[in-house]
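In the numbering used here, the protein residues as written are 377 to 534.
Note that CB positions come from ideal geometry on N, CA and C, so glycine has one too.
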């Protein structure tokens, strides 16, 4: 029996264009949030007091810069494609989950360097989870290297 180390990660998924669109939309949201955060916090220090409203969330200059950089990476990876987007989405998605966890742990302390609120943490978790999911279903390979579809491997009609 032939075993494949990546047997459970789909390759050439038929809904790949939709997953790429979700990745693009997630990156675009992060960029818009970062730009609006930069505009709203331009007069504050880098870890100054958070702005009350940027798309319903709070942030400061550092949080806006991090969001803008993460969104820019996702958009760049999506534009390049060729499995670069898979790695970028995975990296940025897990990074956002770490940032969200840090922000949740420090939300009412002086260590809240990003100026995040609970609503911001929820959105960061959502976008991070979406990017990780997108990275799982966006991989492409040449048809000869992709292997048989799952239905054929399982002995069912394709």
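Item, Value
"Distance CB(residue 474)-CB(residue 403) smaller than 8 Å", "no"
"C-alpha gap between residue 492 and residue 392, whole angstroms", "32 Å"
"Between the CA atoms of residue 396 and residue 390 - distance to the nearest angstrom", "12 Å"
"Helix, strand or coil at residue 493 according to DSSP, with G and I counted as helix", "coil"
"Distance between beta carbons of residue 489 and residue 423, contact taken as under 8 Å", "5 Å"
"Cβ-based burial, residue 460 [other Cβ within 10 Å; buried from 16]", "exposed"
"Whole-angstrom distance between residue 448 and residue 513, CA atom to CA atom", "21 Å"
"Any beta strand (DSSP E) of 3 or more consecutive residues that is wholly inside the stretch 387-448", "427-430 and 433-435"
"Pairwise C-alpha distance: residue 481 and residue 445", "22 Å"
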